[in-house]
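All residue numbers for the sequence shown refer to the UniProt record's numbering, where the first residue is 1 and numbers rise by one. Some notes on the structure that comes next.
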Amino acid sequence: MAETENPPDSSAPAVAETPNVGKSASPAGGSPSSLDVAQRQLLEALRATDVTIGRLDKLMSSAYGQERVFAVTGYLTHALHHLLASAPWIALQTRLGLLARLRSKAKPVAPNSTPSQSRLLALSALMSETRYSLRLLGLFPLWTWGSATLKSPPSDRILYALTLLQVAVNMIYQALENAGFLASKGVISKKFIDRWGGIDKWYIWSTRAWFGHIFFQFFVLWREHVLRKKRMSGEVSEEKKKEALKAEVRAWKKSLVNNTCWAPLCLHWCFEKGIGFPDSLSGVVSFMAAGWGVYDLWTATAQS
């Protein structure tokens, strides 16, 4: 939203005054008072805040937008927690504290960032659990996805088969995750879950099913690239077709970045002891996977 600029003060007469030698010029004639400047700055700040809150409201007006906000908050707080606990950051704090003591000659005060770090990790865990709760309804859109694919299948047989496989593994992933989460909250009996390995085992198999989706998505991206190259072999003359092709390529690249970021993380979570992926980087990589999509959602809020 374009912000209107304040018009210049027209009440002051445009009369040139001869400077008085040896006397200071009075500020009341030309420049606005400090109170006026403060009021204008406050007004501009309120306008900017109003625009930002309005865009956030648009972003969170859909269930997907809310889930993305929870996700990004969780990723960033997790990354910030590990940044504050990292050795380089602690060394930087120590050096800054030493410089401050040398200047002020005050008694050394040991930095204590543990409470803030634990609060960040607690917020990240809360965001993750909230998203678990939101995904309890995830089987319904997956059913709709599968139904739409069967009713209007892609013209390419390979894409059709890959899409059906993705629907199947996603439903397995969501069903196992829902069962494990509800059992951990005491909603359903743990006896049945424990017979088949326990809650942690169900979560691992759920993640493996999710990795199946990521695995098949690489083949989907490959097939889409092949089909697009065939279409591009002919001349694309119309401007609308060029714009549509540009948007398609951009969406393809975004999906590739998302899939590439999630693949090592998901593979790490598929095993009880992992594959050696640092936990301190999981928040950063997760944000890299989601960042492009969230940026597009945020940009769209300024278009309406």
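Beta carbons: idealized from backbone N, C-alpha and C, even for Gly.
- For R131 and F70, the gap between their C-alpha atoms comes out near 7 Å.
- A residue is called buried once 16 or more other Cβ atoms fall within 10 Å of its Cβ, and G283 is buried on that count.
- Ranked by Cα distance from L265, the first of L256, K254, D279 and W252 is D279.
- F216 places its beta carbon less than 9 Å from that of L162.
- The beta carbon of L102 sits closer than 7 Å to no other beta carbon from its chain once the five residues preceding and following it are set aside.
- Below 8 Å, too few C-beta pairs join the stretch 185 to 195 and the stretch 219 to 227 to call them touching: fewer than three.
- Judged by DSSP in its simplified three-state form, E129 adopts helix.
- Around the Cβ of Q174, a 10 Å sphere holds 16 or more other Cβ atoms; the residue is buried.
- In the structure shown, the three-state DSSP call for V69 is helix.
- Under the DSSP assignment, T144 falls in the alpha helix (DSSP H) whose first and last residues are L139 to K151.
- The shortest CA-to-CA distance from K254 to any of E238, K241 and L221 is the one to L221.
- Contact between I204 and E129 is ruled out by a C-beta separation of about 18 Å, above the 8 Å threshold.
- In this structure, the beta-carbon distance from I214 to N178 does not fall below 9 Å.
- Contact between the stretch 281 to 295 and the stretch 74 to 86 is established, with three or more Cβ pairs separated by less than 8 Å.
- One alpha carbon belongs to T149, the other to R135, and they sit about 21 Å apart.
- For K273, there is no enclosing alpha helix (DSSP H), as DSSP gives it neither H nor E.
- Between H78 and L120, the CB-CB gap stays under 9 Å.
- Ranking E67, L99 and L98 by CA distance to the CA of M127 puts E67 first.
- The beta carbon of V294 lies closer than 6 Å to those of R68 and V72 in the same chain, with the five residues before and after it left out.
- Within 10 angstroms of the beta-carbon of W143 lie fewer than 16 other beta-carbons, which makes it exposed.
- In the three-state DSSP reduction, I199 falls in the helix class (H, G or I).
- When secondary structure is reduced to three states using DSSP, A251 falls in the helix class.
- D279 carries a helical assignment under DSSP once its states are collapsed to helix, strand and coil.
- If the five residues before and after S62 are omitted, its C-beta is found closer than 8 Å to no C-beta atom of its own chain.
- One thing to note: L176 has its Cβ within 9 Å of the Cβ of S206.
- Assignment of S233 by DSSP, reduced to helix, strand and coil, places it in the coil class.
- F181 sits buried, since 16 or more C-beta atoms from the chains shown fall within 10 Å of its C-beta.
- Contact between A209 and V167 is absent: CB atoms are separated by about 12 Å, not below the 8 Å threshold.
- For S286, the CB contacts under 6 Å within the same chain, skipping 5 residues up- and downstream, are Y75 in chain order.
- Nearest neighbour of C270 by Cα position, chosen from W292, T299 and W202, turns out to be W202.
- With contacts defined by Cβ atoms closer than 9 Å, R55 and T301 form a contacting pair.
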